[in-house]
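S.K.:
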Amino acid sequence: MHNLKPIFICLSTLFLLSACGGTNKTDKTDTGKITIRTPITPPLFVVDRIDDSVKLTALVRALYKWHETAEIKPNGFVPTKRNPGDTLNTGMDLKVTEVAIVNLRRLGFFTEDFLNDYKNIAVRMDKELRDGSSLWPDGELPTFNDDVDEWCNCQDFPDNYWEKLTLANLKFNDNEADFKWTWGDNFFYHTKAKKVAGIWKISYLEGYDMNWYNWEWQKKHK
C-alpha cells in the first residue's frame, strides 16, 4: 500500500498536467477565431410596425408636398348666392364638391371614409347656410370656420416643412393608425390612417373634423 501511494500521486499529477496542457493548447488554437453569435430577431409584429411607421411618414410627407406644391388643388367648398348682387352666401355648390372628391380620389392619398366626411361637411355647410343657422357674408369668413389652412390648422409654416415631418404618439389598432405629425416647434396636427388593400391611406385630418364645420358646436366650444 505504501508503494502504491507515490504511483497514484504521480498518475494524478500527470493527468492534471495533461488536462491543463490540453486546455492551454485549445485556448491557443481558438485564439483569433471569430465567435459567431446568433442574432436576436425581434418579433414579426415589431418589424411590421416599424415598416408601417416608415410608410406612414412617407405618406404624410407626400401628401403635404402635394398640398404645398401642386399648381391646381381640388376645392370642394365653393359658396353660392341666390342672386349675384346678394351680400350673403346662401348655400354650397355641391356639384363642385363632387368634382373635387373625384380628383381627390385619383390622388390615392385618402380612404373613402375621408372622402365621405369631406362630402358630408359640404352638405352640412349647405344646409346651415340655407336655413340661416350659419352665416357667410360675401368676402368674409363664415361663422363655421377660422382663418387658417384646414390642412394644417396653421397660417404660417416653415419652408419645405413636409421634408422634415415626423410622427408622434403613433398608435396602431389592427389596420388603423392614430398619430400626430409635427415639424417641430411644439406644433402638432392630429391625423388618422387606415390600411386599404395593403396600402396606408389618410382617413382623418384634424382640420376636416365634422365638428369644426358646425356652427352650433363652434358656439359651445370656442
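Going by this note's numbering, 120 is the number at position 119 of the sequence shown; the sequence numbering is gapless. Even glycine gets a Cβ: it sits at the ideal position worked out from N, Cα and C. What you are looking at is a predicted structure, and each value in this text was computed from that prediction instead of being measured.
(1) Can the beta-carbon of residue 79 be found closer than 8 angstroms to that of residue 93?
(2) Can you grab the Cα-Cα spacing for the pair residue 56 / residue 202, in whole Å?
(3) Specify, as a first and last residue, the run of the beta strand (DSSP E) that residue 205 falls within.
(4) Is residue 102 close to the ligand GTP? I mean its beta-carbon at under 7 angstroms from any heavy atom of the ligand.
(5) Does the structure place the segment 70–89 close enough to the segment 176–192 that three or more beta carbon pairs sit under 8 angstroms?
(6) Leaving out the 5 sequence neighbours to the left and right, which residues in its chain are closer than 7 angstroms to residue 197 when beta-carbon positions are compared?
(7) What does the alpha-carbon distance come out to for the pair residue 187 and residue 162?
(8) In whole angstroms, give me the CA-to-CA distance for residue 166 and residue 160.
(9) Mapping DSSP to helix, strand and coil, what is residue 139?
M.R.: The answer reads as follows:
(1) Your numbering for residue 79 matches position 78 in the sequence shown. Your numbering for residue 93 matches position 92 in the sequence shown. Cβ atoms of residue 79 and residue 93: closer than 8 angstroms.
(2) What you label residue 56 is simply residue 55 of the sequence shown in a count that begins at 1. What you label residue 202 is simply residue 201 of the sequence shown in a count that begins at 1. Near 10 angstroms, if we compare the C-alpha coordinates of residue 202 and residue 56.
(3) Position 204 of the sequence shown holds residue 205. Counting along the chain, the beta strand (DSSP E) containing residue 205 begins and ends at 200–206.
(4) This structure simply doesn't include the ligand GTP, nor any ligand for that matter.
(5) no
(6) As a first step, residue 197 is located in the sequence shown; it is residue number 196 there, counting from the start. The residues are 112.
(7) As a first step, residue 187 is located in the sequence shown; it is residue number 186 there, counting from the start. As a first step, residue 162 is located in the sequence shown; it is residue number 161 there, counting from the start. Distance between the alpha carbons of residue 187 and residue 162: 14 angstroms.
(8) Position 165 of the sequence shown holds residue 166. Position 159 of the sequence shown holds residue 160. Each residue's alpha carbon lies about 12 angstroms from the other.
(9) Sequence index remark: in the sequence shown, residue 139 carries index 138 (1-based). In the structure shown, residue 139 sits in coil (DSSP, three-state: anything other than H, G, I, E or B).
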